[in-house]
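Below is one structure, written out as structure tokens, with a few remarks after it.
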Amino acid sequence: TETRLFAGAKTVARVDAYERDLGIVKFDRLIDWGWFYWITKPMFLLIDWLYVLVGNFGVAILLVTLIVKAVFFPLANKSYASMSKMKMLQPAMADIKAKYPDDKVKQQQETMELYKREKINPLAGCLPIVVQIPVFFSLYKVLYVTIEMRHAPFFGWIHDLSASDPTTIFNLFGLIPWMPPQFLMLGIWPIIMGITMFVQMKLNPTPPDPTQAMLFTWMPIVFTFMMASFPAGLVIYWSWNNLLSILQQSLIMKKHGVKIELFDNLKTTFAKKPKAG
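Here it is in structure tokens:
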């Protein structure tokens, strides 16, 4: 009787070698790749391959983001084109609101008819985010479960991509000798992510419903605090992805002749509201 025992760090190359050389079926599942195994392990292999080329896991994640954007480029283009058309229809939507000021149901019906006539899918703007959820989750798993990513540095103050950003705005990023509680650890990269997400939101047409508009305004702030405790590598990926999306969306809007009203939208957001009466 022959019995084998594995005791050691679960590095991907070693585990795969045992599976290949000893013929152990599914031995690579010793590493918890999660539900999206079919995308999580290829994601790691791609990052690891790029790491061998560039020598930095953080740079490898940035390059993977470019590859993911290239794969979903046709879908994102269609989505941003639809949002650009929606922006052009804002005057018509304002007319519908003015025509039926007290009839919300009629407003919705007329708006949907307008979408049908112009062949616009109002949910198209969600597609790039929805399709990237498995990619986001797979990168999250890669950062958490692989030994190779542990203590992998980036640049500057990021010495471990698998840990959260160690800085926080509440002690002026280390200038004040005080360590705030965990829920106040809001680092530089989460803030960068929140800013890029906020700018991306302001490129999109403002929802006619005030509740939706308020939700879109607060969403980047909520995500900034929520992502602050996530691995720095994941926050860097999301920030870089947002920046690429802003550039891509701006180019598509310009191509369709839609005015980029980013600064106007920002001015409206931060302008003082007139007092009632």
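Numbering (my numbering) for the sequence shown: 2 to 278. No residue lacks a Cβ here, since even glycine has one placed at the ideal position from N, Cα and C.
Item	Value
Could you give the DSSP three-state label for Ser230: helix, strand or coil?	coil
Hey, would you say Leu31 sits closer than 8 angstroms to Val16, going by beta carbons?	yes
Could you pull the start and end residues of the alpha helix (DSSP H) that Ala95 belongs to?	91-100
Output the boundary residues of the alpha helix (DSSP H) element that contains Asp49.	38-55
Using a Cβ-Cβ cut-off of 8 angstroms (strictly less than) and excluding sequence neighbours within five positions of Ile40, which residues of its own chain qualify?	Pro135, Val136, Ser139
Where Glu20 and Phe7 are concerned, what is the direct C-alpha to C-alpha distance, given to the nearest angstrom?	12 angstroms
Expressed to the nearest angstrom, what Euclidean distance is found between the alpha-carbon atoms of Ser165 and Ala233?	5 angstroms
Determine the DSSP secondary structure at Asp161, reduced to helix, strand or coil.	coil
Out of Ala99, Leu144, Ile97, Lys117, point me to the one whose CA is closest to Asp49's CA.	Leu144
Mind checking Phe74: buried by the 16 CB within 10 Å criterion, or exposed?	exposed
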